[in-house]
């Protein structure tokens, strides 16, 4: 078993492997790494080979912190192929963690405080104990609802809650027009509706520049689309949707509450689901919910109720683990998060 690094010439090899894994995350995709680089972060793409076969990958992103500090982060990774033994995962993880430590030395500043991993569900949690990883609050959603698009339309509808089916049927009788693009003008419509929703529900949004960079980078690989529901030419609901591998992901959305009686958000989701199914994707990921006991249960109650209405399977993720390099700065970092 050996560790390899992927460079620009290896892009197709990397994405072909990742895209071939069931429900692999866009967060580990090459294009997402390029987007992160566009925002000013450093990127490393690593793989583990056994008998010349890739069995695991990890895209690592360096994030800046105040006082010239930083940390390394592997979102929804490392990703292991299914069926690896505990020993294989432990050996592969040792190679990843050792390389991450080397990355810190290579920066010549040694300013990385910790290495955070947020692995997929093939991850063996015993590795966290072997490496004395510290459990941390998840960065990505810990729970999601995922639809199996290999079901028929009738089966998908039958598994929805009755109220959701009713709202979709009601929306079909309204004068709604659905379209999707990756134009900057439509991104601005999405941003406006997202801000309206964020103010109403108390959500945090990234700055506009973040989404503009995302669109500019991911549009080149046809991974991103802005979906709009319009009534008489006016956008009243908008979603940002990503597609990678076998999965379409509903990442963010917004709507104008003044038009809530038209049920545009329900109809827009259903049209996205149908598009994903017609284009032979296997999964539709609603990206984040908060079930009972989740720290975000109260804040995300409306989102959770809306998404669960479409049926689907509840998926729980492991959460985040930190391999700490500098205990003093790590404690200061965690302490500061209480105030910022």
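In the working numbering, the protein residues as written are 1 to 340. Using N, Cα and C, we set each Cβ at its ideal position, and we do this for glycine too.
- Closest residue to residue 202 among 302, 34, 3 and 35 (Cα-Cα distance): Closest option to residue 202, Cα to Cα, is 302.
- Query: Within this structure, are the beta carbons of residue 225 and residue 31 separated by less than 7 Å?
  - Reply: No, the Cβ-Cβ distance between residue 225 and residue 31 is not below 7 Å.
- Query: Is the beta carbon of residue 207 less than 7 Å from the beta carbon of residue 140?
  - Reply: Taking a C-beta distance under 7 Å as the contact criterion, residue 207 and residue 140 do not qualify as a contact pair.
- Query: If you check the beta carbons only, do residue 4 and residue 47 fall under 7 Å apart?
  - Reply: Going by C-beta atoms, residue 4 is nearer than 7 Å to residue 47.
- Query: At what residue ranges does the segment 237-293 contain a whole run of the alpha helix (DSSP H), taking only runs of 4 or more?
  - Reply: Runs of the alpha helix (DSSP H) inside the segment 237-293: 264-278.
- Message: As an exercise, report each continuous alpha helix (DSSP H) stretch of at least 4 residues that is fully enclosed by the segment 75-130, in chain order.
- Response: Counting only runs of 4 or more, we get 86-106 and 126-130.
- Task: Using a threshold of 7 Å, state whether the C-beta atoms of residue 113 and residue 330 are closer than that.
- Result: The answer is yes: Cβ separation under 7 Å.
- Where residue 299 sits in the DSSP three-state scheme: Coil, per DSSP.
- Message: Quick check: what's the CA-CA separation for residue 197 versus residue 1?
- Response: Here the C-alpha atom of residue 197 lies approximately 49 Å from the C-alpha atom of residue 1.
- Near residue 277, which residues of its chain fall below 7 Å by C-beta distance, leaving aside the five closest residues on each side in sequence? Once the five neighbours on either side are set aside, the close Cβ partners of residue 277 are 149.
- Which class does residue 33 belong to by DSSP, given the choice of helix, strand or coil? Looking at residue 33 - three-state DSSP - the assignment turns out to be helix.
- Could you check where the alpha helix (DSSP H) with residue 335 kicks off and where it finishes? 327-336 is the span of the alpha helix (DSSP H), which, as asked, contains residue 335.
- Pick helix, strand or coil for residue 41, following the three-state DSSP scheme. Correct three-state label for residue 41: coil.
- Does DSSP put residue 139 in a helix, a strand or coil? Reduced to three states, the DSSP call for residue 139 is coil.
- Determine the extent of the beta strand (DSSP E) in which residue 61 is found, giving its start and end residues. First-last of the beta strand (DSSP E) with residue 61: 53-65.
- Exposed or buried, what is residue 333 when buried is set at 16 or more other beta-carbons lying within 10 Å of its beta-carbon? Counting of Cβ neighbours within 10 angstroms places residue 333 among the buried residues, the total reaching 16 or more.
- Task: Would you kindly work out how many angstroms separate the C-alpha atoms of residue 72 and residue 14, rounded to a whole number?
- Result: Put simply, the backbone Cα of residue 72 is about 20 Å away from that of residue 14.
- Item | Whole-angstrom C-beta distance between residue 247 and residue 282, which should lie under 8 Å | Right, their Cβ atoms sit about 7 Å apart.
- Assigned exposure category for residue 129 - 16 Cβ within 10 Å defines buried: Exposed is the label assigned to residue 129, since fewer than 16 other Cβ atoms lie within 10 Å of its Cβ.
- Message: Quick check on residue 213: does DSSP put it in helix, strand or coil?
- Response: Residue state, collapsed to three classes: helix.
- Message: Excluding the 5 residues flanking residue 22 on each side, which residues of the same chain have their C-beta closer than 7 Å to its C-beta?
- Response: 246, listed in sequence order.
- Query: Since residue 182 and residue 215 are thought to touch, with beta carbons under 8 Å apart, how far apart are those beta carbons, to the nearest angstrom?
  - Reply: Correct: roughly 6 Å between the Cβ atoms.
- Selection from 164, 335 and 240 that minimises the alpha carbon distance to residue 266: Restricting attention to 164, 335 and 240, the CA atom closest to the CA of residue 266 is found in 164.
- Just reading off the alpha helix (DSSP H) that residue 11 is part of, what are its end residues? Segment 11-19, the alpha helix (DSSP H) holding residue 11.
- Is residue 184 buried or exposed, if buried means 16 or more other CB atoms sit within 10 Å of its CB? Exposed is the call here.
- Message: Can you list, in chain order, the residues of its chain with a C-beta nearer than 7 Å to that of residue 233? Leave out the 5 residues immediately preceding and following it.
- Response: Nothing listed; no residue qualifies.
- Message: For a test of the three-state rule: what should DSSP assign to residue 73, helix, strand or coil?
- Response: Strand, per DSSP.
- Message: If I follow the unbroken alpha helix (DSSP H) through residue 197, where does it start and stop?
- Response: Where residue 197 is concerned, the enclosing alpha helix (DSSP H) stretches over 184-201.
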